[in-house]
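Using numbering that gives the first Met the number 0, the first residue of the sequence shown is number 0, and each one after it goes up by one.
Cβ coordinates follow ideal geometry from the N, Cα and C atoms, glycine included.
Note that the structure is a prediction, hence the values are computed from the model and not measured.
Quick notes on the structure that follows.
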Amino acid sequence: MDKYQLFHQLHHQQRGFVLANAWDLSSAQFIQAAGAKAVATTSWGIAASLGLADGENISFQTQLALVKSLTKHLHIPLSVDIESGYSNNPLQISQNVLALASLGVVGINIEDSDKDTNALRSIEQQCTIISEIKKVLNENGFGRLFINARTDTYFLSESPFQATLERAKAYQDAGADGLFVPGLTNIEQITSLANAIDIPLNVMAMNNFNSAKAAFAGGAKRFSLGNSLYDLVGNTIKTSLTQIEN
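Spelled out as structure tokens, the structure:
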């Protein structure tokens, strides 16, 4: 089984899987050493580790350099948080994804929020982006790369569940392999959404590592830790130093 097959299989096993997010090579190696079957990057953690705020404030070249280091040193599948694609042009976004695919990543997260306006892109615009990514990947032999379509409806919409449901079906039809809904924690809504789509549902830890079990019971297949490990490391350092000084 190659890395693409393994990563897809993780999303379709009976029980969901926890995906830990790294922000540099050492954190990714710690995750791998802990026995993880796959690892993902966290844009928030990468930016914070460089003293920057999240939101594509690191250059795409910085992103590529980090991913190149990760794929060189890791033997487990790597998925990359590409935020909104570092562009609003579907052609440019697809070329950015192709550059990552060429380095050996097996998956990406692509958001539907516009970094220039801090608003949701239209459904039509995001579907065009997803379709173009899929087309370019297929044309270049990377058709098995897992496209995890992230929607920021729970952060930016007044009626998040209905907005998510509408976007979920559209993104699925556009070629997404998975749906990522950070901010979704209501178990009944997780179940309703999971039952309404034919692709795996991904939710994220929102300051609660222990919510994974409930999310899986509700129908989620992937539980991302997001920036939780980054925060945990920072809090551990502060607590340890405080204890030493006292």
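Check	Outcome
Beta carbon of I129 nearer than 7 Å to that of G182	no
C-beta contact flag for L73 and A39 at 7 Å	no
D111 beta carbon less than 7 Å from that of L102	no
The alpha helix (DSSP H) enclosing D172, as first and last residue numbers	159-173
I75 in three-state terms, based on DSSP	coil
I57, DSSP secondary structure in three states	coil
When N87, L5, T116 are compared against I75, the one with the closest alpha-carbon	L5
CB of H10 within 7 Å of CB of R143, strictly	no
Length at least 3, wholly inside the stretch 178-227: the beta strand (DSSP E) runs in chain order	200-203, 221-223
Through-space distance from V79 to T70, alpha-carbon basis	11 Å
Contiguous alpha helix (DSSP H) assignments of at least 4 residues, all confined to the stretch 98-154	122-138
Nearest neighbour of E165, chosen from I146, A193, T184 [CA to CA]	A193
Assigned secondary structure, L18 (DSSP; H/G/I helix, E/B strand, else coil)	strand
Touch test, the stretch 227-242 against the stretch 51-68, Cβ-Cβ under 8 Å, three pairs minimum	no
C-alpha gap between A100 and V66, whole angstroms	10 Å
C-alpha distance - A32 paired with D23, whole-angstrom precision	14 Å
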